[in-house]
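What follows is a set of notes on a single structure, which appears directly below.
Number of protein chains: 4
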Amino acid sequence: MTIRVAIAGARGKMGQEAVHTVMKNEEMELVSVLDYKEIGKTLADTNLFPSSYDAPVYTELETLHKETKPDVLVDLTSPEAVYERTKKALELNIRPVVGTTGFSDEELDELTQYAKDRKIGCIIAPNFAVGAVLMMKFAEQAAKYLPDVEIIEMHHDQKLDAPSGTAMKTAHLISDQRPVHEQGHVREKETLKGARGANYDGMRIHSVRLPGLVAHQQVLLGGEGQLLTIRHDSFNRGSFMSGVVLSIKTVMETEELIYGLEHIIG
Amino acid sequence: MTIRVAIAGARGKMGQEAVHTVMKNEEMELVSVLDYKEIGKTLADTNLFPSSYDAPVYTELETLHKETKPDVLVDLTSPEAVYERTKKALELNIRPVVGTTGFSDEELDELTQYAKDRKIGCIIAPNFAVGAVLMMKFAEQAAKYLPDVEIIEMHHDQKLDAPSGTAMKTAHLISDQRPVHEQGHVREKETLKGARGANYDGMRIHSVRLPGLVAHQQVLLGGEGQLLTIRHDSFNRGSFMSGVVLSIKTVMETEELIYGLEHIIG
Amino acid sequence: MTIRVAIAGARGKMGQEAVHTVMKNEEMELVSVLDYKEIGKTLADTNLFPSSYDAPVYTELETLHKETKPDVLVDLTSPEAVYERTKKALELNIRPVVGTTGFSDEELDELTQYAKDRKIGCIIAPNFAVGAVLMMKFAEQAAKYLPDVEIIEMHHDQKLDAPSGTAMKTAHLISDQRPVHEQGHVREKETLKGARGANYDGMRIHSVRLPGLVAHQQVLLGGEGQLLTIRHDSFNRGSFMSGVVLSIKTVMETEELIYGLEHIIG
Amino acid sequence: MTIRVAIAGARGKMGQEAVHTVMKNEEMELVSVLDYKEIGKTLADTNLFPSSYDAPVYTELETLHKETKPDVLVDLTSPEAVYERTKKALELNIRPVVGTTGFSDEELDELTQYAKDRKIGCIIAPNFAVGAVLMMKFAEQAAKYLPDVEIIEMHHDQKLDAPSGTAMKTAHLISDQRPVHEQGHVREKETLKGARGANYDGMRIHSVRLPGLVAHQQVLLGGEGQLLTIRHDSFNRGSFMSGVVLSIKTVMETEELIYGLEHIIG
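Chain order of the listed sequences is F, A, V and D. Last residue of the first sequence: number 271 in the numbering used here, and the count goes up by one each step with no gaps. Last residue of the second sequence: number 271 in the numbering used here, and the count goes up by one each step with no gaps. Last residue of the third sequence: number 271 in the numbering used here, and the count goes up by one each step with no gaps. Last residue of the fourth sequence: number 271 in the numbering used here, and the count goes up by one each step with no gaps.
The structure is reproduced here in structure tokens:
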């Protein structure tokens, strides 16, 4: 059966991708769009989409629900008001797939309980890139057996922070699995400061910044006579779409709130 | 407690590595060595090891058992006679860790039953390279979510067969997980025959052979806007030793026969 | 001194990139645009560029020349009529930088002689990607010393032909430098047809096609105990722009026709 | 014509490799070996080589020369006494191929003049790995066109210094070619110290240390929309042998002293 999908945040960068993704997917139908302001009668009126994209636009979730009966609400807006909207969706029996962070622990607990009581699926995923989530999971698993690890993350040179959030999260996950220990030779010496990278519980993280690069990370795990490398390359925003599709399908089959794609995958 | 280890096949290439590995491991003790012929009183007499390597050499498993009481027998000999020796070890209450293939299905079934009845651990592993086993497991898992896969395996140019056994096994494992489908464009055309590699259930396998290379494999999984790469480099025979160590420890804690490192790992 | 640049083909994909590139370059000024039809008074009128892009649009090269006096004409149109336009530019003392193929040998000879006689620079480059040209040059040089070579090219799965044009050209260049010889073991056997890739004078070429990939190539050169890898990743059309900039600067300093970026670089 | 080769330092690690290399090369003949002490009558007497390796061993270069008339002396000893031996070889009209450092500038100048006067070839090469020398040359050339560069060098975890000597030399060569400039965003921030690696004239160098690794380096050059990567993997000491062979051949054809393989190659 076709899954009836509504999208909130359809005009944003992620939202536009999601619109195209749902439109092209044969198992789904884009039944409506939620916006915080008046932007026209249909998606096509925004001039961001072809004229054949005729999903109606609503500014009120109740009306949207009443008139278009979506199974799922994909929410790709900013963190503000996302909690209220998610709760309201659950009340209306619409299953939320949320791509923004911005929930407090209390709010998450409350939504989790609410979904459980009502036996309704809800997925909240700060990172929809399936490949990146797999990379992190595999690195975490592998570090049990190959506990010497270094991370090289590579991004375009307009990125402000180093290491990247994904590298930090990967290191954090790995550090739960491997015995903390310093790596390299005990008498190792940097003749040029910083050569050995950042030290996270003994693991080393290296941040490369070059024009041309997009978003890439490799986790290197060394053992006697061998090297295991797990690498993810994200070439464009489309990399998030497989996670959106997976979440839409999964939210229809679960009866609770799932936080993080890593609990769906694997 | 220290694990008392005996090794069969200590003079072979793998065997020599295993001797060094056990000697250096603080949780283990090399108590004796089994050889099919008289090679001297101790390991050192073979001139293959330092004079401090004084583990006694036996040609009979019973005598070896009586005089040195090993917990584990690491068997790195050739396939011949390995079944009888493994069975004998189990009877003597020595836990076998076997690195050779060469068991018939009937023999495996019998040993499995025997280990189960006696509640004694036994590990048989055709491939001890932990990193390679992890690569295969991860590729298999990832293909569920990123079902477009190509394998590039790279070996020295003295290798006779292409694709490698590991590549074939990886493809086999993946094909159990992903929907069979042809990859590439339907109207794709090879202007030079063979460019698109070997076709395994729609997946493509590419075999690179160059002087200098050792044994390397990467599995590439592509999805919209992203690429996940899982790569294993084996630089020398030492790559098998982490699997030997892991098996010695695990065989002490299990009460049945385990076939394949993949059932220990992950 | 600022180089005065005119662009033909500004509305095409490459052309749009070139417009942005010249606009952002402090050593250049975009003085005008040539189009084959009426598209408005300025670039901004096309709705493809910001309103600040006010370079005037002409349909006749003579008028364009008379009114905007460009030093260089960057031609990113299709092959048709490019020969006449290039010749006309030379006559008007405008230095052409041409990114399309589509010249016959006779036409090239004639333009070469003409540029030489008039001591005026002219650059024709079928491939503006500086990195790809460097990769080919380096592979060619390295093959003299490491004559065992395999090429792995990787593209998105909508590409129809395999191997890619760049892979074929790379192999062709290398084959001029290395002694022709079969690679791999003489008794090498494909247990799965195509595994060893396409055979180009003994070199092997492997074509990977996966969704998510853009345009990537690596040349592997193996020797005893070592591997040299030269890899180029093209992530988007911007990769051609460094070649356009380099050509614009170089055409101002040369007094002859140069065919192919490889004769500027290195 | 077969080149008659003598080797000094044949019992060392590099020396043993060189012996095998010359023995297997059809264009060369190993006519004798120089040692600083009595080690037997022939190479085979050292027990380091097969009994068929019957090149005679000498402790005096004059006697060796008189009785075996070598064309080339390959010197793979330690730095001590290498200057005197090289000078003596030139006097005896033997062409030296020297793999050790340890010459003062004055000594090099004197040998250079001496070789020039006598019109006799002499090659001194601190690094015989052809692939590594090519990597450095290519990186240097490419940096003219793609001036944003980062270096990742990867070695086994027993290495004491970071960055490696090769990485430092590569950075030094590149810095001669590219305009000095800081890379990355001006407001870039390390949230974990050292993440961005060592800073060499604005270029970043990252040193990875993991068990299992041997000696690997990649130079990454980024430009708009593209990345050029030049990588060298050294898997074992055999990687130096192509440079030894190349030097033996080249020293027969030159009439002067050449310092550094980079002046032979390319």
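Heads up, the beta-carbon is just placed ideally off N, CA and C, and yes, glycines get one too. Quantities reported herein were computed from a predicted structural model and do not represent experimental measurements.
Cβ pair residue i, residue j closer than 8 Å
i, j, result
"Q182 (chain V)", "A148 (chain V)", "yes"
"M257 (chain D)", "G126 (chain D)", "yes"
"R214 (chain V)", "S212 (chain A)", "no"
"D80 (chain D)", "T91 (chain D)", "yes"
"F240 (chain D)", "G217 (chain A)", "yes"
"M140 (chain V)", "Q231 (chain V)", "no"
"T73 (chain V)", "V36 (chain V)", "yes"
"K121 (chain F)", "E261 (chain F)", "yes"
"A203 (chain V)", "G199 (chain A)", "yes"
"I128 (chain F)", "P168 (chain F)", "no"
"I270 (chain F)", "V138 (chain F)", "yes"
"M208 (chain V)", "V250 (chain V)", "no"
DSSP bridge partner residues for residue i (one or two, in chain order)
i, result
"A172 (chain D)", "Per DSSP, none; premise fails for A172 (chain D)."
"V77 (chain F)", "F:V10 and F:R100"
"Y264 (chain A)", "A:I129"
"I210 (chain V)", "V:I156 and V:A203"
"G286 (chain F)", "Residue 286 (chain F) is absent from the structure shown; chain F starts at 6 and stops at 271."
Test: residue i CB closer than 8 Å to a CB of chain F
i, result
"I235 (chain D)", "no"
"M140 (chain A)", "yes"
"E155 (chain D)", "yes"
"T106 (chain D)", "no"
"S244 (chain A)", "yes"
Short CB-CB distance (under 8 Å) between residue i and chain A
i, result
"G228 (chain V)", "yes"
"G248 (chain D)", "no"
"G271 (chain F)", "yes"
"V213 (chain V)", "yes"
Cα-Cα separation between residue i and residue j, rounded to whole angstroms
i, j, result
"A144 (chain D)", "I179 (chain D)", "7 Å"
"E267 (chain V)", "K142 (chain V)", "7 Å"
"L69 (chain F)", "I99 (chain F)", "11 Å"
"P61 (chain A)", "M33 (chain A)", "16 Å"
"L39 (chain F)", "L48 (chain V)", "36 Å"
"N52 (chain A)", "A86 (chain D)", "35 Å"
"P131 (chain F)", "G104 (chain F)", "5 Å"
"G170 (chain D)", "L233 (chain A)", "33 Å"
"L165 (chain D)", "T196 (chain F)", "10 Å"
"G17 (chain V)", "T82 (chain V)", "8 Å"
"M173 (chain A)", "H160 (chain A)", "14 Å"
"G14 (chain V)", "Q21 (chain V)", "8 Å"
"V24 (chain A)", "A11 (chain A)", "9 Å"
"Y205 (chain D)", "A176 (chain D)", "7 Å"
Short CB-CB distance (under 8 Å) between residue i and chain D
i, result
"L78 (chain F)", "no"
"F133 (chain A)", "no"
"E32 (chain F)", "no"
"Q303 (chain V)", "The structure shown does not extend to residue 303 (chain V), since chain V spans only 6 to 271, so no value can be given for it."
"Q146 (chain V)", "yes"
"L178 (chain V)", "no"
Burial state of residue i, where buried means 16 or more other Cβ atoms lie within 10 Å
i, result
"R301 (chain A)", "Residue coverage of chain A in this structure runs from 6 to 271, which leaves residue 301 (chain A) outside it and unanswerable."
"L225 (chain F)", "buried"
"Q163 (chain V)", "exposed"
"E158 (chain D)", "buried"
"G248 (chain A)", "buried"
"G136 (chain F)", "buried"
"G265 (chain D)", "exposed"
"H186 (chain D)", "exposed"
is_contact[residue i, chain V] using C-beta, thresh 8 Å
i, result
"V219 (chain F)", "yes"
"F240 (chain F)", "yes"
"Y150 (chain D)", "yes"
"P184 (chain A)", "no"
Any non-hydrogen atom of the ligand ADP closer than 7 Å to residue i Cβ
i, result
"L266 (chain V)", "In the structure on display, the ligand ADP does not appear, and there are no ligands present to speak of."
Within chain C, partners of residue i - CB distance below 9 Å
i, result
"S57 (chain D)", "Among the chains of the structure shown, chain C does not appear; the protein chains present are F, A, V and D."
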